[in-house]
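To keep things clear, I will list the structure first and then write my remarks on it.
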Amino acid sequence: MYAAGFISIEDIGRERVCILNQDGFTHLQEWISNFDGFWKTKLKNLETLLNKKK
Numbered sequence: 023m024y025a026a027g028f029i030s031i032e033d034i035g036r037e038r039v040c041i042l043n044q045d046g047f048t049h050l051q052e053w054i055s056n057f058d059g060f061w062k063t064k065l066k067n068l069e070t071l072l073n074k075k076k
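Everything in the sequence shown is counted per this note's numbering, starting at 23 for the first residue and increasing by one.
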């Protein structure tokens, strides 16, 4: 999670505190959105094919 940028880690005394990093999730959302159009098209084509088979 740290290497991917989802969290930052602070050492406070003997404790390690993990803090969520919103920027990491923003980059993940951007990456996922690249596939959004692809899957919408594929699922629409599947729906069309299945409706033709009825």
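Positions of the beta carbon are idealized from the N, C-alpha and C atoms, including for glycine.
> Would you say ILE31 and TYR24 are within 9 Å of each other, going by their C-beta atoms?
Replying inline: yes
> Which residues bound the beta strand (DSSP E) around SER38?
Replying inline: Rather than Ser, the amino acid found at residue 38 in this sequence is Arg. Looking at the DSSP string, the run of the beta strand (DSSP E) that includes ARG38 is 37-42.
>> With distance defined between alpha-carbon atoms, name the residue in GLU37, LEU71 and ASP45 nearest to ALA26.
In response: ASP45
>> Less than 9 Å between the beta carbons of PHE57 and PHE28, yes or no?
In response: no
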